[in-house]
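Inspection log for the structure reproduced underneath, given as structure tokens.
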Amino acid sequence: MDKAELYQKLAAILDIQEVKPENVLKDFETWDSLAILSVLAMADSKYGVSIKADEIRSVVTAGDLANLMEAKQK
Amino acid sequence: MNFIFHRKRISGILTIVPANERSFVEEMKNFNFPEARSLKLKEVMGFDKHRIVEPGVCVSDLAVFGMEHLFKKGQLRRDEIDALILVTQSPDYFMPPTSSVIHGRLNLKQDIFCMDINQGCAGFVIGLLQAFLLLEQQSIQKVVLINADVISRKTSSKDRNSYPLVGDAASITIVERDVEDSIIHANLKMDGSRNGVLMIPAGGFRLPSTPDTAVLEDVGDNNLRAKDHLRMDGSAVFNFVQTEVPPLIKSLLEFAGVSMESVDYLFCHQANRFMLQKLADKMGVPYAKMPSNEVEHFGNSSGVTIPTAIIFNLQDRLVTEKFKVCIAGFGVGLTWGAVLLNLGRVNFSEMIEYK
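Structural data, given as structure tokens:
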């Protein structure tokens, strides 16, 4: 999985310039239900990964999210 | 579960939408959100206009209004209705059945089979299957299928996850025998273990409505709603649809021996534009074949969205032409089902406003 590309996609969803692995998702003002839905859709369409909403809500940082998606892809 | 039906057809569709049109941009001030984020929501999800009943308007009001319209225009006679199926989740009463209320208000004959079905977004598929089953009886020649809901009355206006997309509406579909040797294929699935994904928790016998169940609670993301209100786990619904619907449609087409290329239109339940476009992407279906424009004009009116989308997109072509159509509904229950049929050369295809 190309994590740099994933962070770029995440930044686009959050309407910001850059997302770093250590960033806490809840600190972004735009991390809302629409962003979560957009991440679910992105995970499904780009990486063929089905994430549950509960799983995504339990994730803290952008890096955790990338790890979750990578683990699911295997 | 697979079904096959012979010699049955849809011979007319009428949709009734409330005249009261609301705009998401005007309603945004009700929600405790940054305006830019709400505009993003409008752009992505397709929230724009939706139709909401005036206070006090019930399902039987919309249904009777539509039926009287058909009687007046000579498109339906009272004495030829052998069965009346009402699919709704917002009945006038717990008892009697709202189909009986409609039967009484319309002075229909006593030789008739009236029934209420409690179903939501798969309600058009469920209603059609029930109509086809009833038509297997010799005594039943013509079935009136009414899909109707006024779910806005059970949705919190402070819940941005649900309120901007709900719409109220009714549709009347006439289902009867076909003189041609037509074949209809269908596939239906249910999973009650996920019944909590879409629900109104209070107001039934398990949790009766009290002043406590009417109290607005902060359910996260600045959304306020009460236990008396519709609750939807949007992400779970999204995953459900993306996971279950593509294999359902694939298996239906295989069962019928029909390729997706030979299907003219795929009319899915109009949940929202985002979900439908992701679904189309996943199935490799061009957007032109799978309309997703109903919600932005009328709102999501559960079982009524499919007939509304058919009329809105095909309009008069439904009277003059015939199409191979796949219809797919999915939602509360959870329930998901699809029907493959030839649809067209109907006697009427019309949308009217309830005032």
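As they're listed, the protein sequences go chains A and B.
What the first sequence shows, in this note's numbering, is residues 4 to 77, in sequence order.
What the second sequence shows, in this note's numbering, is residues 22 to 376, in sequence order.
Positions of the beta carbon are idealized from the N, C-alpha and C atoms, including for glycine.
For Tyr10 of chain A, the uninterrupted alpha helix (DSSP H) segment begins and ends at 6-16. Of all residues in the region 254-266 of chain B, those with a C-beta nearer than 8 Å to a C-beta of chain A are Asp254, Gly255, Ser256, Ala257, Phe259, Asn260, Gln263, Thr264, reading in chain order. Around the C-beta of Ile19 of chain A, fewer than 16 other C-beta atoms lie within 10 Å, and the residue is accordingly described as exposed. Residue ranges of uninterrupted alpha helix (DSSP H) with 4 or more members, entirely inside the region 84-139 of chain B and ordered along the chain, are 119-126.
Considering only B:Thr119, B:Asn128, B:Ile106, the residue with the shortest C-alpha distance to Phe92 of chain B is B:Asn128. In this structure, Leu251 of chain B sits away from Lys343 of chain B, with a CB-CB distance that is not shorter than 8 Å. Where Asn168 of chain B is concerned, there is no enclosing alpha helix (DSSP H), although the beta strand (DSSP E) around it starts and stops at 163-170. CA-to-CA, the gap between Ser283 of chain B and Val360 of chain B works out to about 15 Å. For Asn182 of chain B, the closest Cβ of chain A is nearer than 8 Å. Within the region 297-308 of chain B, the residues whose Cβ lies closer than 9 Å to any Cβ of chain A are, in chain order, Lys299, Asp302, Lys303.
Here DSSP, grouped into helix, strand and coil, assigns Tyr308 of chain B to coil. Secondary structure at Lys29 of chain B: strand, using DSSP grouped into helix, strand and coil.
With respect to Ser192 of chain B, Pro328 of chain B sits close: the two C-beta atoms are nearer than 8 Å.
For Lys130 of chain B, not one C-beta of chain A is nearer than 8 Å to its own C-beta. Interface flag for Ala44 of chain A against chain B is set, since a Cβ pair is found closer than 8 Å. Boundaries cannot be given for Met22 of chain B, as no beta strand (DSSP E) includes it and DSSP labels it neither H nor E. Put simply, the region 287-296 of chain B touches the region 304-314 of chain B. At least three CB pairs are less than 8 Å apart. With respect to Ala349 of chain B, Val266 of chain B sits close: the two C-beta atoms are nearer than 8 Å. Among the CB atoms of chain B, none fall inside 8 Å of the CB of Leu71 of chain A. In this structure Val279 of chain B does not touch Phe351 of chain B by the C-beta definition: roughly 20 Å separates them, more than the 8 Å allowed. Here Pro118 of chain B has Leu107, Pro112, Cys135, Met136, Asp137 as same chain residues with Cβ atoms under 8 Å from its own Cβ, once five neighbours each way along the sequence are excluded.
Residue burial is scored here from C-beta neighbours: Tyr308 of chain B has fewer than 16 other C-beta atoms within 10 angstroms and is therefore classed as exposed. If you check each beta-carbon in the region 24-48 of chain B against every beta-carbon of chain A, none falls closer than 7 Å.
Interface residue (Cβ-Cβ distance to chain A less than 8 Å): Leu62 of chain B is classified as such. The beta-carbon of Asp69 of chain B is placed no less than 8 Å from the nearest beta-carbon of chain A. According to DSSP, residue pairing for Arg252 of chain B in a beta bridge involves B:Met220. For Arg58 of chain B, the uninterrupted alpha helix (DSSP H) run begins and ends at 56-66, by DSSP. When secondary structure is reduced to three states using DSSP, Thr341 of chain B falls in the helix class. Look at Asn321 of chain B here: in three-state DSSP terms it is strand. Annotation for Thr326 of chain B: the continuous alpha helix (DSSP H) segment containing it runs 326-335.
When secondary structure is reduced to three states using DSSP, Val42 of chain A falls in the helix class. When B:Glu317, B:Ser370, B:Ser214, B:Ala247 are compared, the shortest CA-CA separation from Pro229 of chain B is found for B:Ala247. For Asp242 of chain B, at least one C-beta of chain A is nearer than 8 Å to its own C-beta. Judged by beta-carbon spacing, His90 of chain B lies within the 8 Å limit of Ile373 of chain B, meaning their Cβ atoms are closer than that value.
Going by beta carbons, Ala104 of chain B and Leu155 of chain B fall inside the 8 Å limit. In chain order, Asp254, Gly255, Ser256, Ala257, Phe259, Asn260 make up the part of chain B whose C-beta sits under 9 Å from the C-beta of Ala56 of chain A.
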